[in-house]
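Enquirer: Going by the working numbering, the first residue of the sequence shown is number 48, and it counts up by one from there.
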Amino acid sequence: MSAAVVTPLSFSDSPQTNFGATISGVDVENLTDPDFSVIEAALFKHQVVIFKNQSHASPRAQFELTNRFDPAATSYGHGKTVDAKRSILHPDLKTIPHQPQVQVIGNGFVPEYEGLKHIQLKHPHHKTFHATAIPAEDDLNFTRFYRWHIDAALYGLAPPVVTTLLAVKVPGGRKQIVRYDDGTGDELEVPLGTTAFVSGYTMYDRLSEQEKELARTTKVEYAPHPYIWMSGAKSRSDGLGMVSEGKEVPLEELPEIEEEKVQILPMCWKNPVDGRLAIQIHPSAVRKLHLKDGTVIDDLKEVREIVHRIQRPGIAPELVYAHDWEEGDFVLFHNRGVLHSVVGAFAQDEVRLFRQCNVAASEFPLGPEAAVAA
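1) Go through its chain and collect everything with a Cβ distance to Ile181's Cβ below 6 Å, but skip five positions before and after it.
2) For the segment 144–207, list the alpha helix (DSSP H) runs that are entirely contained and at least 4 residues long, ordered along the chain.
3) Assuming the contact rule is C-beta atoms closer than 8 Å, Ile97 and Asp376 should be a hit. Round their C-beta distance to whole Å, please.
4) Note down, one range per segment and in chain order, each alpha helix (DSSP H) of at least 4 residues found wholly within the segment 72–119.
5) Using a threshold of 8 Å, state whether the C-beta atoms of Ile362 and Leu261 are closer than that.
6) Note down the Cα distance separating Gln101 from Ala50, rounded to an integer number of angstroms.
7) Could you tell me the distance, in whole angstroms, from the CA atom of Asn154 to the CA atom of Val217?
8) Could you name the residues of the same chain whose beta carbon sits closer than 7 Å to that of Tyr193, not counting the 5 residues immediately before and after it, in chain order?
9) What does the Cβ neighbour count give for Leu150, buried or exposed, with the cut at 16 atoms within 10 Å?
10) Alpha carbons only, please: which of Lys335, Arg356 and Pro207 is nearest the one belonging to Gln257?
11) Report the option in Phe244, Ala104, Leu140 and Pro147 whose CA atom is closest to the CA atom of Thr121.
12) Identify the continuous beta strand (DSSP E) that holds Ala243 and give its terminal residues.
13) Which two residues bound the contiguous alpha helix (DSSP H) that contains Leu261?
14) Threshold first: 3 residues or longer. Then list the beta strand (DSSP E) segments lying entirely within the segment 264–300, N to C.
15) My guess is that Ala369 and Leu235 are in contact by the Cβ rule of under 8 Å, so how many angstroms apart are they, rounded?
16) Name the residue from Met48, Ile152 and Lys141 whose alpha carbon lies nearest to the alpha carbon of Val73.
17) If Ala178 sits next to Lys281, beta carbons under 8 Å apart, how far is it from one beta carbon to the other, in whole angstroms?
18) Just the C-alpha distance for Ile344 and Tyr269, rounded to the nearest angstrom, thanks.
19) Leaving out five residues on either side along the sequence, give the residues of the same chain with a beta carbon under 7 Å from the beta carbon of Leu213.
20) Can you tell me which of the three DSSP states Arg399 falls into?
21) From what residue to what residue does the beta strand (DSSP E) around Lys335 run?
22) How about Arg334 and Leu324: are their beta carbons less than 8 Å apart?
23) Does the beta carbon of Glu268 fall short of 7 Å from some heavy atom of the ligand GDP?
24) Are Met250 and Ile326 touching if we call contact CB-CB under 8 Å?
25) Compare the Cα-Cα distances from Arg283 to each of Val354, Val309 and Lys339 and report the closest residue.
26) List, from N- to C-terminal side, the beta strand (DSSP E) runs of 3 residues or more that fit wholly inside the segment 364–401.
27) Excluding the 5 residues preceding and the 5 following His381 in the sequence, name in chain order all residues of the same chain whose CB lies nearer than 8 Å to its CB.
28) Given a threshold of 16 other Cβ atoms within 10 Å of its Cβ, counted over all protein chains shown, does Ile311 qualify as buried or as exposed?
29) Please classify Gln358 as buried or exposed, where buried requires at least 16 neighbouring CB atoms within 10 angstroms.
30) Arg383 to Thr54, Cα distance in whole Å?
31) Express the C-alpha separation of Leu413 and Ile152 in angstroms, rounding to a whole number.
32) For Glu34 and Ser331, what's the separation of their Cα atoms in angstroms?
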């Protein structure tokens, strides 16, 4: 029997945020089978689960917990990046030598950590990825959602079921205000360096019946080598997809494309336990939409406008859970039920050190028509 206790998060200032839970009574380093049963059930119900005071958890234990959700999966979720220097992911990740499925991310100089020496970490900043930027004089007080996304290669490898994050070192204190800068006036006060989450299930539930029908019956085709393909383009100010300026890398300039690796995935992914539907689209990587009548929308600007119209209501400020990181926080999230974004702008001397782990899944997500196991 497990001593684990699951407590749903409570949001008195944002009652429409209806996901997330903490789990106490669990040691990630010494997990039992009954512990995992509780964690698994909580994850598929609450989507984001938080364990406090886990600084002692090793990279091995982090990988083993991540891997228990899909034991047949063993390789890092993005695999080995071809042409890494052109990939937008290249600057953000350092691999732990003795546990290659676990990456180090963060900000600032770290002399040594888990076999890595003299590492310079760089927190992604929206000015390198967005078409417009917050003025430099406002940069430490205001910020943006960097990129709303799913952790997934979206070419060849199946999207991971879960991602785990461990906060090793967290700079303290100050808050920032996220600006959407999209004409709505939407803003959200967040802790420095937060990870922001939104529920794909809420995103679906807030659609009109007509939009739900479109979402249930449409498939999304992702670009080949998507993180290289998008590398010349720039993001919308809300971090939810790209601006269409014709700056994507032409297909003929990408690494060799293997057509069987190009992914066409449902727009809605079904929860394997309770059957709920989530809007799960990586908006920056979309290239085409396949409608139920066989029509293929391949005008990139139109594709992006349709996807943005479907997803934007789901990132409204009152629906965002912005986790306030403390050192030792171990967060596990359902990569097939939530979108998330890096947030924040750090001063150069503010050191942030995190470990991230996900593994490419052994099976693709369930679509709306799939049966849920009893």
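We treat Cβ as the ideally placed atom computed from N, Cα and C, and that holds for glycine.
Expert: Taking the structure as given:
1) Phe189
2) none
3) 6 Å
4) 80–93 and 106–115
5) no
6) 16 Å
7) 10 Å
8) Pro171, His173, Phe176, Gly286, Ser388, Val389 and Val390
9) The sequence shown places Gln at residue 150, rather than the Leu named in the question. Gln150 is buried by the Cβ-count criterion.
10) Arg356
11) Pro147
12) Thr242 to Ser246
13) Glu256 to Thr264
14) 266–269
15) 7 Å
16) Met48
17) 4 Å
18) 12 Å
19) Gln101, Ala104, Gln109, Phe377, Phe401 and Arg402
20) strand
21) Val333 to His337
22) no
23) With respect to the ligand GDP, the structure offers nothing, as it holds no ligand at all.
24) yes
25) Val354
26) 368–370, 377–381 and 385–389
27) Leu90, Phe91, Gln94, Val95, Val208 and Val209
28) exposed
29) buried
30) 22 Å
31) 30 Å
32) Here the chain comprises residues numbered 48 to 421, so residue 34 is not present and cannot be evaluated.
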